[in-house]
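First the structure, in the form of structure tokens, and then the observations on it.
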Amino acid sequence: MSSRTAPMRLNLGRFVVFATLAFAVCFYGIPLLWLFIAGTRSEASLLTDPPFALGTWEAFSRTWTNLTTYNNFQILTWAGNSLIYSVGGVLLSLIASIPGGYALAQSEFPGRKLILTLTLIAMITPSTAVVLPIFLELNLLGLSNTYAGLILASGFFPFGVYLTYVYFSTSLPKGVMDSARVDGANRFQLFTRIALPLARPIIALVAFFSFLAIWSNYFLAFVLLSDDKLYNLPVGLTALVSGSGALSNLPSNDVPIKKPEVVLAAILVVLPVLLIFMAAQRFVRSGMLSGAEKG
Amino acid sequence: MASDVRAATSDRARKEKQKARRDTRMSYLLLAPYLLLLMMFGLFPIAYAFGLSFFDTIEMVFWGVTNYQFVFDDFRVPASVVNVLAFVAIWVTITMIGVAALSLMLDSINRKTANTLRTIYFLPGAVTSSAIVVLWLFVLDPSVSPFQPVLHSLGWGTRADVISGIGLAGVFAVMAYFSASGGWIVVFGGALSSLPTEVMEAARIDGANRFQLATRIKLPMIWRSLVLMGILSFAGGLQLFVEPQLMGLAGPQFAQNDWSLNQMAFQYAFRMGDFGASAALSSLLVGSSIVIALVIVFATKFYKID
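Which chain is which? The protein sequence lines are A and B, in order.
For the first sequence, this note's numbering gives the first residue as 46, with consecutive numbering after it.
For the second sequence, this note's numbering gives the first residue as 429, with consecutive numbering after it.
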């Protein structure tokens with residue numbers, strides 16, 4: 046630090062840096078913090094108290110009861126559906142990605158290059174671009190508005206195949222495979238006995254990304270599902286808001302879903318992902334570095 | 429003797445060939461579930477929609493490019509093209525500037541603080557799809573917003589004031605930036621920390637200050653990845669649907685049912701029952717995404733296959 050820069054200018058620079066970073070903390074942090082505090086407050090408190098006034102346990106439990114019992118425990122049905130779609134979709138994406146990515150990484154066969162290229166194109170193409178074509182197709186097959194339709198569609202996760210392909214190309218020593226080959230194991234045995242036990246990190250990574258994509262999927266679920274008993278949480282949240290007019294600031298009606306209930310429902314959508322994020326930030330880093338994720 | 433040798437080699441060649449064929453079969457067996465899904469949700473829907481786009485789907489008769497003509501003649505389509513381009517322009521700009529600036533700044537402060545801040549920037553990534561819109565409809569409503577003092581100081585008393593003050597394209601861009609940028613900041617944090625330290629040392633010895641280090645050395649080194657981020661955001665932004673579609677949650681006066689192109693495709697299928705027109709517009713949208721993807725795959729080396 047023997048530079049000729051005057052200390053004054055350096056300090057100004059540091060000030061700009063920290064001011065910008067602090068501004069960003071407000072921008073990213075305040076809405077999220079507000080959301081979680083607002084879940085504990087009553088409607089009246091939201092409208093009249095300062096934005097970060099804490100609520101009460103009583104207000105929170107009343108909101109919780111209003112939300113969960115509304116329409117015959119509808120929100121719990123949606124949460125259950127979200128779980129079904131996520132577990133089903135994640136399992137399917139793993140069943141497709143892990144052996145598929147392994148085969149692409151470890152063996153040479155006709156058609157391999159084409160499959161890899163198609164996978165990349167499918168991965169870079171935003172999934173929202175194909176929602177309406179998928180609807181038209183599932184409509185033709187009679188699978189729109191079913192659990193199976195949404196689970197099948199969300200099990201298609203080319204990013205998972207690519208991640209697995211990169212993982213096995215870089216981390217599975219060819220020597221191990223060759224010596225196992227000599228021992229007379231066939232390709233399938235190689236996969237189950239050698240590759241799968243080594244695949245634990247990549248299984249977790251693919252499951253993480255496909256869960257994120259499926260849990261928060263709104264567009265596809267919205268288009269495919271017309272029966273409100275089949276909604277997932279993100280679609281249910283909007284049904285709740287539009288059915289109650291809770292965000293419209295119009296004269297109130299007697300639906301028990303008001304602003305606090307909507308806040309709480311939004312928290313239900315966000316919280317699982319938030320918890321997983323906090324537990325697994327390093328996953329995101331390693332995954333996104335090996336192939337940037339699309340929006 | 430010679431024939432024995434020949435027989436042995438041809439025997440070995442046959443065995444090799446058999447083995448190769450067995451290997452190929454096994455590879456395809458392992459790939460079968462994925463290929464099935466790739467057909468079903470990658471290739472077939474796109475081909476089917478493309479085919480459908482040339483039919484009158486109500487009478488099921490072929491009528492050439494009539495659907496495309498219908499789409500181009502719909503006065504809402506050019507309007508939504510303008511909307512989406514405005515959104516993409518704002519979103520890509522703030523994403524590139526915001527992510528680059530914050531990433532470079534975080535790289536210049538001490539590691540521990542930087543990691544904490546990075547986590548804070550990253551957490552809104554958990555707020556996705558409909559939850560983003562619901563959260564921001566609160567945040568943009570001066571009667572409940574945590575930014576109430578700021579909104580009031582700008583002279584905005586109601587949510588309608590705020591939205592018309594910022595503009596719809598700007599509102600959607602802020603929503604999308606809020607959720608999507610933190611992940612990129614984490615990615616660039618990783619990329620910046622893995623830049624070769626010798627280069628940084630050399631620059632520092634040559635008298636570069638932190639600002640010069642960031643703008644003249646680090647920025648050029650991450651520039652290509654920033655451009656990739658811009659292209660991916662551009663491609664994703666063209667498909668905008670959720671944000672405008674859910675504005676109506678704030679009340680009928682806020683509804684924007686034909687603001688974006690994907691919404692128009694949705695309207696054709698669901699409001700008008702015209703799958704042919706929907707397929708035509710969807711095909712154009714998918715087509716533009718695929719062109720962008722092809723450019724990224726074949727003209728850059730970001731994603732490597734061998």
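Note that CB positions come from ideal geometry on N, CA and C, so glycine has one too.
- The C-beta distance from B/L568 to B/V590 rounds to 5 angstroms, short enough to meet the 8 angstroms contact threshold.
- Nearest neighbour of A/L250 by Cα position, chosen from A/S216, A/V314, A/Y212, A/R226, turns out to be A/Y212.
- For the C-beta of A/L197, the chain B residues within less than 9 angstroms are, from N- to C-terminus, L465, M468, F469.
- Identification of residues in the stretch 490-502 of chain B having a C-beta nearer than 8 angstroms to some C-beta of chain A yields an empty set.
- Closest option to A/L78, judged by alpha-carbon separation, among B/T544, B/A721, B/P574, B/R652: B/P574.
- Contact between B/F669 and A/F264 holds, with the beta-carbon distance rounding to 5 angstroms and staying under 8 angstroms.
- With distances taken between CA atoms, A/N126 lies nearest to A/Y276 out of A/P305, A/Y276, A/G288.
- Note on geometry: alpha-carbon atoms of A/L278 and B/M628 lie some 48 angstroms from one another.
- By the neighbour-count criterion, in which 16 or more other beta carbons inside 10 Å mark a residue as buried, A/T101 falls on the exposed side.
- DSSP places B/G583 outside any alpha helix (DSSP H), giving it a letter other than H or E.
- For B/P624, no CB of chain A lies under 9 angstroms from its own CB, so it is not counted at the interface with that chain.
- The C-beta separation of A/I247 from B/P473 comes to about 28 angstroms, leaving the pair out of contact by the 8 angstroms criterion.
- Using a 10 angstroms sphere on the CB of B/N538, the tally of other CB atoms stays under 16, which defines it as exposed.
- The stretch 180-194 of chain A makes no contact with the stretch 494-510 of chain B, as fewer than three CB pairs between them are under 8 angstroms.
- The shortest C-alpha to C-alpha distance from A/T164 to any of A/L195, A/P144, A/V206 is the one to A/V206.
- The stretch 302-312 of chain A and the stretch 694-711 of chain B do not touch, with fewer than three beta-carbon pairs separated by less than 8 angstroms.
- B/D484 is bridged by DSSP to B/V489.
- Proximity of B/I537 to chain A, defined by a Cβ-Cβ separation below 9 angstroms, is satisfied.
- With respect to the C-alpha of A/I321, the residue from A/A258, A/G281, A/F253 having the closest C-alpha is A/F253.
- At a C-beta separation below 9 angstroms, B/S621 has no neighbours in chain A, since its nearest C-beta there lies roughly 10 angstroms away.
- Around the Cβ of A/T108, a 10 Å sphere holds 16 or more other Cβ atoms; the residue is buried.
- Residues of the same chain with a CB within less than 6 angstroms of the CB of A/G134, apart from the 5 flanking positions on each side, are I196, S199, G200, I259 in chain order.
- Note on B/D686: 16 or more other CB atoms within 10 angstroms of its CB, so buried under the neighbour-count rule.
- Taken atom to atom, the span from the alpha-carbon of A/I82 to that of A/L313 is near 14 angstroms.
- Its chain contains F515, E671 as the residues whose beta carbon lies nearer than 6 angstroms to that of B/F600, once the 5 sequence neighbours on both sides are disregarded; these appear in chain order.
- Between the C-alpha atoms of B/S621 and A/Y115 there is a straight-line separation of about 50 angstroms.
- When C-alpha distances from A/C71 are compared across B/L545, B/G676, B/L457, B/A528, the shortest belongs to B/L545.
- Under the three-state reduction of DSSP, B/I659 is assigned to helix.
- Taking 9 angstroms as the threshold, the shortest C-beta distance from A/P246 to chain B does not fall below it.
- Within the stretch 681-695 of chain B, the residues whose Cβ lies closer than 7 angstroms to some Cβ of chain A are N690, A693, F694, listed in chain order.
- By the neighbour-count definition (other C-beta atoms within 10 Å, threshold 16), A/S255 is a buried residue.
- Just so you know, the alpha carbons of A/I143 and A/V227 end up roughly 24 angstroms apart.
- Going by DSSP, B/W687 is part of no alpha helix (DSSP H) at all; its letter is neither H nor E.
- B/A604 has its alpha-carbon roughly 28 angstroms from the corresponding atom of A/A98.
- Within the stretch 66-96 of chain A, L66, A69, V70, Y73, G74, I75, P76, L77, W79, L80, L91, L92, P96 place their CB atoms closer than 7 angstroms to a CB of chain B, listed in sequence order.
- Residue environment for A/T173: buried (at least 16 other C-beta atoms within 10 angstroms of its C-beta).
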